[in-house]
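Okay, so here's the structure we're looking at.
There are 4 protein chains.
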Amino acid sequence: MKEAGEETGLATICEVVSLDAINTAVKYVDMLQIGARNMQNFFLLKEAGKAGLPVVLKRGLAATIDEWLNAAEYIISEGNPHVILCERGIRTFETSTRNTLDLSAIPVLRSKTHFPIIVDPSHATGVRDYVPPLAKAGIAAGADGLMIEVHNDPENAMSDGPQSLTFQQFEELTKDLAPYSSLAGRSFGI
Amino acid sequence: MKEAGEETGLATICEVVSLDAINTAVKYVDMLQIGARNMQNFFLLKEAGKAGLPVVLKRGLAATIDEWLNAAEYIISEGNPHVILCERGIRTFETSTRNTLDLSAIPVLRSKTHFPIIVDPSHATGVRDYVPPLAKAGIAAGADGLMIEVHNDPENAMSDGPQSLTFQQFEELTKDLAPYSSLAGRSFGI
Amino acid sequence: MKEAGEETGLATICEVVSLDAINTAVKYVDMLQIGARNMQNFFLLKEAGKAGLPVVLKRGLAATIDEWLNAAEYIISEGNPHVILCERGIRTFETSTRNTLDLSAIPVLRSKTHFPIIVDPSHATGVRDYVPPLAKAGIAAGADGLMIEVHNDPENAMSDGPQSLTFQQFEELTKDLAPYSSLAGRSFGI
Amino acid sequence: MKEAGEETGLATICEVVSLDAINTAVKYVDMLQIGARNMQNFFLLKEAGKAGLPVVLKRGLAATIDEWLNAAEYIISEGNPHVILCERGIRTFETSTRNTLDLSAIPVLRSKTHFPIIVDPSHATGVRDYVPPLAKAGIAAGADGLMIEVHNDPENAMSDGPQSLTFQQFEELTKDLAPYSSLAGRSFGI
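Chains as they are written, first to last, in the working numbering: chain P, 102 to 291; chain Z, 102 to 291; chain E, 102 to 291; chain C, 102 to 291.
Following this line, the structure appears as structure tokens:
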């Protein structure tokens, strides 16, 4: 179990939507993810907290920062302090991006919590070309990490193709991001 | 007239809200500004276009990117091509910042227009401590410039004190911003 | 089981948040409710569909009408056609009410679906005094029913007291609503 | 001047966007209108206040109720107490209607001001078929009046055709609205 991760040093993650999914996921992955649509599924949050693995908690589409932190409390109330907050865009009137990435949330969260904060520019914008500038902006704003969608063949992806980087684009982006990480006093790795 | 600007190399700017204000401002300043609340004041946009000076056009609180570009057309239709777009936050449900700074607008605008784009993190957030990280993020996302509120005595400012940097904070920020400008292939100056 | 309902002619309803809750609720109540925060909990929607009871599906705080109808599909795909849509306010920038009741959703839904539509002015506004005018407006806009919070002692309610009507206020409201129902060609009962 | 109005008993109204427009309008019409896009054009508000005619002040697309009342203060500060507030929809994420009609604003305003309140379901929805149910809802929610777009030939209207009622549809609507006015303790007339 979890051999791939042990061999490569990479962590694996799985989005869970039910107790059954959690029970299966814990056998194979290193981290659980609660998606935006389940951010206020308090039953699921508590079960994820009981599972013991670190939990990436995505911000709900219409969740205030306070509601997001409150949702995290449901996880940690089960004795699991390993919550990672993921900003992935909020719903606004603007339609040129799928959601509106709220990078202001990073300094706001910094003033309220010690949880690590990561940014998902892929789901926030839904557009491949917008991912690199917003990935840089996320690091510049103080994020601890990024979640970026990559696909070996985005044109034929079953979902989220238009927002996915190719492997080559991803490799270029990681080179471009390294100096931004350095400016933020961080090392950088995939 | 305009001697200060000529001597120091600094440009001066004035927000205008009426034809009278435009007629006065053109005698003294280098640039005009149309505020967010007047972004769809089409009468004012046209008069600003006629005035001939470069115009900073702030995004309306509930303006889509397309409406913003459409407002710019009112200025350039009067023969004035010198429009600078200023992202200063949009209105959303989130209340921990005054507005929600929409940095995704930068790459979206890049794909649609050649107008320079600047970012105002001071009015967007309303909170001094949030200005530096979002100023960096703005440059990282590709902005051509920043508009940052500075006051010699923010505690006693008549307006916008809580979002204003002191001179010292501003000087520190400019030092911190320089390498971000370099990464974007830009030189940096005030 | 369900004797109270059988005796009085009143239907009972229970909000469910997990499969366990559904399995318990079906023994005692006439209808299930999926709350706004679980509108896109697709696992729960399918389980509610399998349960066979009519399901009140509340609109998510940031759900478009199309997403709401799509969520209903998860219920009916399990062979349960008895879905009742409940408009309970969407999240906007306005803070004088808890949410913004979207009564336009009623004619929009009428043009897209045959599901019954009810309106919850209590959760939408969060303020007792705003409930009667918006209850009338809901019926006038074409709603098939209302969901109104009532409490025997709102001042000491454990939750939602400020939005709850007293029994007397509720009785007065029902008298006031009857002629609006008549205008809409409906009979009226509790 | 203003003879049509004097003869028929109908009031005429003109939307104004500049001081010149105000100076011309006051010669011919009974009321001025400040449009949603100019709700925070404080220069225009003050000039409208000086003109002396009653002013219909439409709510801005992203204006809170408090900002709306504050804008009205600019008019009355010039000695003109005759302000009529017009709810015409706010900007939200929902795209099935042009804006989201906020009928909750009516009871909120009732608790804060004595200004008359009217509702514009035509501009709020942008769809002809949605106008009658929301006109009824507006009256039921307590509005003092309605502003409804009518056109003798909507299919060939230069603007806003899809939201305009024909004369016949308007006549039918007025008949349907009369009993709602009666329930609200009002007489009804065009």
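Where is the CB? At the ideal position from N, CA and C, for every residue including glycine.
Note on E/SER212: under 16 other CB atoms within 10 angstroms of its CB, so exposed under the neighbour-count rule. In this chain, the beta strand (DSSP E) harbouring E/LEU158 covers 156-159. Check the Cα spacing between P/PRO233 and each of P/PRO182, P/LEU278, P/LEU170, P/PHE194: the tightest is with P/LEU278. Here P/LEU111 carries a coil assignment [DSSP, helix/strand/coil]. The beta carbon of C/SER119 sits closer than 8 Å to some beta carbon of chain Z. Apart from the 5 residues on each side of it in sequence, E/ILE166 sits with its Cβ closer than 7 Å to the Cβ of ALA206, VAL209, LEU210 in its chain, given in chain order. In the structure shown, the three-state DSSP call for E/GLN270 is helix. The segment 159-215 of chain C is shown to contain whole beta strand (DSSP E) runs of 3 or more residues at 184-188, in chain order. In this structure, C/ASN253 and C/PHE268 form a Cβ contact; the two beta carbons are roughly 6 Å apart against a cut-off of 8 Å. Counting only Cβ-Cβ distances below 9 Å, E/PHE143 has no contacts in chain Z at all, with the closest Cβ about 24 Å away.
The beta-carbon of E/SER223 is placed no less than 8 Å from the nearest beta-carbon of chain C. Judged by DSSP in its simplified three-state form, P/GLN134 adopts strand. For P/VAL220, there is no enclosing alpha helix (DSSP H); the residue is found in the beta strand (DSSP E) stretching over 218-220. Of the residues assessed, P/ASN142 falls on the buried side of the cut-off, its CB having 16 or more other CB atoms within 10 angstroms. Per DSSP, the beta-bridge partners of P/VAL251 are P/LEU266. The residues PRO155, in chain order, have a CB closer than 6 Å to that of E/HIS183 in the same chain once the five nearest residues on each side in sequence are set aside. Under the DSSP assignment, P/LYS237 falls in the alpha helix (DSSP H) whose first and last residues are 232-241.
Cβ-Cβ distances below 8 Å link P/PHE271 to ILE249, VAL251 in the same chain, with the five nearest sequence neighbours on each side left out; the list follows chain order. Nearest in C-alpha terms to E/THR125, of all of E/ALA152, E/SER282, E/PHE144, is E/ALA152.
In this structure, the beta-carbon distance from Z/CYS115 to Z/LYS159 does not fall below 8 Å.
For P/LEU162, the residues of chain E that pass the 7 Å Cβ criterion are ALA163, in the order they occur in the chain. A buried status is given to E/THR226, since no fewer than 16 other beta-carbon atoms sit within 10 Å of its beta-carbon. Interface flag for Z/PHE268 against chain E is unset, since no Cβ pair is found closer than 8 Å. DSSP, read as helix, strand or coil, puts P/GLY153 in coil.
Measuring C-alpha to C-alpha distances from Z/SER265 to each of Z/PRO255, Z/GLU273, Z/VAL117 identifies Z/PRO255 as the nearest.
If you draw a straight line from the Cα of C/ALA173 to the Cα of E/ASN200, it comes to about 24 Å.
Of all residues in the segment 163-197 of chain C, only ALA163, ARG192 place a beta-carbon less than 7 Å from a beta-carbon of chain Z. For the pair P/PHE216 and P/ILE185, the Cα-to-Cα distance works out to about 6 Å.
Nearest neighbour of E/GLU148 by Cα position, chosen from E/MET259, E/ALA164, E/TYR175, turns out to be E/TYR175. In the DSSP annotation of this structure, the continuous segment of the alpha helix (DSSP H) that includes E/ASP121 starts and ends at 120-126. Looking at the backbone, the Cα of C/VAL118 and that of C/LEU145 are separated by about 7 Å. Rounded to the nearest angstrom, the gap between the Cα atoms of Z/ALA236 and P/HIS224 is 23 Å.
For C/LYS276, none of the residues of chain E pass the 8 Å Cβ criterion, the least Cβ distance being about 12 Å. Below the 7 Å Cβ cutoff, chain P contributes ASN142 as neighbours of E/ASN139, in chain order.
The Cβ-Cβ distance between C/LEU202 and Z/ALA163 does not fall below 8 Å.
Residue pairing by DSSP places E/GLU116 opposite E/GLN134 in a beta bridge.
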